[in-house]
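Going by my numbering, the first residue of the sequence shown is number 28, and it counts up by one from there.
In this text, a Cβ means the ideal position worked out from N, Cα and C, and glycines have one as well.
For reference, the structure is listed below as structure tokens.
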Amino acid sequence: MSDFLLEISRNASARRFVRALGLPLPLPENLARGAGAWEALPLADRAVVVGASERAELASPLATCLASAGADPFLAPSEALAGAFRAPGETFGRPAHALDALADSRKAHGLVFDASGLERVAELEQLHAFFHPLLGRLARSGRVVVLGRELDASASPERAAVQAALEGFVRSVAKEVGRGGATANLVRVARGAESRLGPVVRFLLSQRSAFVSAQPLVVTARARSVGEPALVRSLDRKIALVTGAARGIGAATARQLAAEGATVLCLDRPGDDALLSQLARAIGGVALLVDLTADDAPARIAEALAAHGGVDVVVHNAGITRDKTLARMSVEQWRVAVDVNLGAVVRATAALEPQLRDGGRIVCLSSVAGLAGNVGQSNYAASKAGIVGFVRAEAERLADRGVTVNAIAPGFIETRLTAAIPVTIREAGRRLSALAQGGQPDDVAQAITFLATPGAQGITGRTLRVCGGALIGA
Ligand code: NAD
């Protein structure tokens, strides 16, 4: 199950040897990753170069985000940028420098461009002007972030075209920088949601987003606000439920939520008692042995949550595959995959809703296969695409209570689910991403945890892929 090319890549002399042989092997980068609880200064002393288009509108929240995260900002020439960075620089003791002051020998951890003001096709060239001289200076495991606008229907067709162009641009840059372990993402901010941008950029620039690439994230004011978000220990005194927590992505998520301060109810099948109890003990959580397909599962979940006085974070992670081409698939194989992956999510959500506190978070697991479709996975893909529709509708229903509902669509992640795939397909799955490797369960856990934090208030009804910029999928 281990990734042979990544092993070679981690060993300096083996890496040199393969390079010297000139073999056409893509040696994936050993990604820098965050671990443990979120630090107060995730960007401490990291050089972040910032540029802005004419009429850029997001400099102010961006400046506060960077200074408060401890970054060392370097500004491309712009009066507006310099003005926006002055006060936050003084408040947090992180004064911005002119780009010229970035020593030639110093790599940039982040390149951030505020493209929110772009309106004309000819102005897209400002992307070239900013990134062209800087991409060669991006550090390994570095970050590219472009900021744009989420427009309403009243926008001029040309502005709509220009803002949409940002997505193709960022997805391409993600593919170009991926071999160096770097990522590129786009954040589109709706009018009135500017104050919700900071935590999103903080996540994308941090090492917590190692396997999130080529993604557009949309920040809106849709879910009602529930106060100023805490950025560290942000889940203190919160109750979380994680289904399928005995192993893989679920276990990693339970650990990460606990590291941020949550008390985690870890749910899995009765057969996984030993693994589950061990995990629950290790993270100060509670084991909940429930088969989600059982008739009494929704009632038992609601009862367990009521005993803890309610729930703040729900992660519907349990999932199964029953792969067969449709012509060969039995109705039992169809039924059980759709029931665990989608039916159980719908039933459990309805049953636990009275226990869900205002400002709560629901995160469901979809899959890139659900978005793209896959041979032998018509049942799985139907259930995982169903999740996309479910979170969109639930998000609307619960927005007035400040609850957000989102999905995460993992690409190829190294778990027992993918270890069961035939070796050649598994190898192709790993390499078919901009980062040329599979993700780790913890990469998905980090993204789920981000969506579970108060700082993710601006993101709701969406499906975020954690796929390393997979070449397949929507
Ligand atoms: P896994 O098989 O390692 O873990 C899934 C867990 O869900 C298991 O502990 C299992 O016991 C539990 N579960 C299954 N049916 C259950 C039931 N009826 N009641 C209670 N618990 C049940 O899988 P994983 O790779 O960690 O996947 C987690 C989620 O991520 C799944 O929804 C999966 O579809 C999704 N996903 C995974 C990948 C990947 O590459 N690994 C890719 C895309 C999506």
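Three-way DSSP call (helix, strand, coil) for Phe196 in this model: In the sequence shown, the residue the question calls residue 196 occupies position 169. Phe196 falls in the helix class under three-state DSSP.
Does the beta carbon of Ala96 sit closer than 8 angstroms to a beta carbon anywhere in chain C? In the displayed structure, chain C is absent; only one protein chain is listed.
Cut-off 7 angstroms between Cβ atoms - residues of its own chain near Val365, not counting five sequence neighbours on either side: Counting from one through the sequence shown, the residue named residue 365 turns up at place 338. Answer for Val365: Asn406, Ala409, Ser410, listed in chain order.
Is Leu16 near the ligand NAD - that is, is its Cβ less than 7 angstroms away from at least one heavy atom of it? Residue coverage of the chain in this structure runs from 28 to 501, which leaves residue 16 outside it and unanswerable.
With distances taken from CA atoms, which of Leu54, Ala217, Ile435 is nearest Gly485? In the sequence shown, residue 485 corresponds to position 458, counting from 1. The shortest Cα separation from Gly485 among Leu54, Ala217, Ile435 belongs to Ala217.
Closest by C-alpha distance to Ala96, when choosing among Ser105, Arg121, Leu85, Leu303: On the sequence shown, position 69 is the one that residue 96 refers to. The shortest Cα separation from Ala96 among Ser105, Arg121, Leu85, Leu303 belongs to Arg121.
Alpha carbon to alpha carbon, what distance is there between Ser132 and Glu152? Within the sequence shown, the letter at position 125 stands for residue 152. Within the sequence shown, the letter at position 105 stands for residue 132. Straight-line measurement puts the Cα of Ser132 at about 27 angstroms from the Cα of Glu152.
Exposure label - Pro226; buried when at least 16 CB within 10 Å: As a working note, residue 226 is residue 199 in the sequence shown. Its Cβ being crowded by 16 or more others within 10 Å, Pro226 is buried.
Looking at Ala273 and the ligand NAD, is the gap between the Cβ and the nearest heavy atom below 7 angstroms? Numbered from its first residue, the sequence shown carries residue 273 at position 246. It does: the Cβ of Ala273 is within 7 angstroms (strictly closer) of some heavy atom of the ligand NAD.
Please report the residue range of the alpha helix (DSSP H) in which Asn406 lies. Taking the sequence shown and counting its residues from 1, one reaches residue 406 at position 379. 405-425 is the extent of the alpha helix (DSSP H) around Asn406.
How big is the Cα-Cα spacing for Ala501 and Glu117? Within the sequence shown, the letter at position 474 stands for residue 501. Within the sequence shown, the letter at position 90 stands for residue 117. Reliability fails at Ala501, whose pLDDT of 47 lies under 50, so the model's placement of it is uncertain and no value is given.
State buried or exposed for Phe31, treating a residue as buried only when at least 16 other CB atoms are found within 10 Å of its CB. Residue 31 sits at position 4 when you count from the first residue of the sequence shown. Counting Cβ neighbours within 10 Å, Phe31 comes out exposed, since fewer than 16 surround it.
Report all residues from its chain with a CB closer than 8 angstroms to the CB of Leu5; omit the five preceding and five following residues, and keep chain order. Past the edges of the chain, shown from 28 to 501, lies residue 5, and the structure says nothing about it.
Counting Cβ pairs closer than 8 angstroms, one from the stretch 180-191 and one from the stretch 54-73, do we hit at least three? No: fewer than three Cβ pairs fall under 8 angstroms.
Can you name the start and end residues of the beta strand (DSSP E) that Ala166 belongs to? Counting from one through the sequence shown, the residue named residue 166 turns up at place 139. Unbroken beta strand (DSSP E) run through Ala166: 165-177.
Touch check for the stretch 276-285 and the stretch 308-321: three-plus C-beta pairs under 8 angstroms? yes
Checking 8 angstroms against the spacing of the C-beta atoms, do Arg215 and Arg176 come in under that value? On the sequence shown, position 188 is the one that residue 215 refers to. On the sequence shown, position 149 is the one that residue 176 refers to. Yes. Within cutoff.
Nearest candidate by alpha-carbon position, reference Arg260, set Val341, Leu68, Gly416: Your numbering for residue 260 matches position 233 in the sequence shown. Cα-wise, what sits closest to Arg260 is Leu68.
Kindly indicate which three-state DSSP category Asp263 falls into: helix, strand or coil? In the sequence shown, residue 263 corresponds to position 236, counting from 1. Asp263 falls in the coil class under three-state DSSP.
What would DSSP say about Arg466, mapped onto helix, strand or coil? For this step, residue 466 is matched to residue 439 along the sequence shown. The question names Arg, yet the displayed sequence has Gly at residue 466. Reduced to three states, the DSSP call for Gly466 is strand.
DSSP three-state label for Gly275, please. Counting from 1 along the sequence shown, the entry for residue 275 is found at position 248. Three-state result, Gly275: helix.
Rounded to whole angstroms, what's the CA-CA distance from Leu162 to Val358? Just pull it up for me. Reading the sequence shown from its first residue, position 135 is the one you call residue 162. Reading the sequence shown from its first residue, position 331 is the one you call residue 358. Roughly 52 angstroms separates the two Cα atoms.
Taking the C-alpha atoms as reference points, what is the distance between Gln502 and Ser460? With the chain covering 28 to 501 only, the question about residue 502 has no answer from this structure.
Proximity winner among Asp339, Leu262, Pro256, Asn344, relative to Asp295 (alpha-carbon distances): Stepping through the sequence shown from its first residue, residue 295 is reached at position 268. Nearest option by C-alpha distance: Asn344.
Could you check if Leu379 is buried or exposed, using at least 16 other CB atoms within 10 Å of its CB as the buried criterion? Numbered from its first residue, the sequence shown carries residue 379 at position 352. Looking at its Cβ environment, which holds 16 or more other Cβ atoms inside 10 Å, Leu379 is buried.
Beta-carbon spacing of Thr445, Gly456 below 8 angstroms: As a first step, residue 445 is located in the sequence shown; it is residue number 418 there, counting from the start. As a first step, residue 456 is located in the sequence shown; it is residue number 429 there, counting from the start. A contact, by the Cβ cut-off of 8 angstroms.
Flag Asp385 as yes when its Cβ comes closer than 7 angstroms to any non-hydrogen atom of the ligand NAD, and as no otherwise. Locating residue 385 in the sequence shown gives position 358, counting from the first residue. It does not: the Cβ of Asp385 is nowhere closer than 7 angstroms to a heavy atom of the ligand NAD.
Alpha-carbon spacing of Leu93 relative to Leu70, whole angstroms: The residue you call residue 93 lines up with position 66 of the sequence shown. The residue you call residue 70 lines up with position 43 of the sequence shown. The straight-line gap separating the alpha-carbon atoms of Leu93 and Leu70 is approximately 8 angstroms.
My output table needs one value for Gln242: the three-state DSSP class, helix, strand or coil. By one-based count along the sequence shown, residue 242 stands at place 215. In this structure, Gln242 counts as strand in the three-state DSSP scheme.
On the premise that Ala74 lies in contact with Ala135, defined as a C-beta separation below 8 angstroms, what is that separation, rounded to the nearest angstrom? As a first step, residue 135 must be located in the sequence shown, where it is residue number 108. As a first step, residue 74 must be located in the sequence shown, where it is residue number 47. About 5 angstroms separates the two Cβ atoms, so the contact holds.
Spatial neighbours of Ala39 within its chain, please: CB distance less than 6 angstroms, with the 5 preceding and 5 following residues excluded, ordered by chain position. Locating residue 39 in the sequence shown gives position 12, counting from the first residue. Cβ within range, chain order: n/a, list empty.
Tell me whether Gly403, by its Cβ, gets closer than 7 angstroms to a heavy atom of the ligand NAD. Within the sequence shown, residue 403 is the residue found at index 376, counting from 1. No, since every heavy atom of the ligand NAD falls outside the 7 angstroms radius drawn around the Cβ of Gly403.
Taking 8 angstroms as the cut-off, decide whether the C-beta atoms of Val342 and Ala422 are in contact. By 1-based counting over the sequence shown, the position of residue 342 is 315. By 1-based counting over the sequence shown, the position of residue 422 is 395. For Val342 and Ala422, no; Cβs fall outside 8 angstroms.
Here's the rule: buried if 16 or more other CB atoms are within 10 angstroms of the residue's CB, otherwise exposed. What is Val148? Your numbering for residue 148 matches position 121 in the sequence shown. Classification for Val148: exposed.
Would Ala250 and Thr480 qualify as a contact pair, given that the criterion is a beta-carbon distance under 8 angstroms? Position 223 of the sequence shown holds residue 250. Position 453 of the sequence shown holds residue 480. For Ala250 and Thr480, no; Cβs fall outside 8 angstroms.
CB Arg374 to CB Gln360, shorter than 8 angstroms? Numbered from its first residue, the sequence shown carries residue 374 at position 347. Numbered from its first residue, the sequence shown carries residue 360 at position 333. Going by C-beta atoms, Arg374 is not nearer than 8 angstroms to Gln360.
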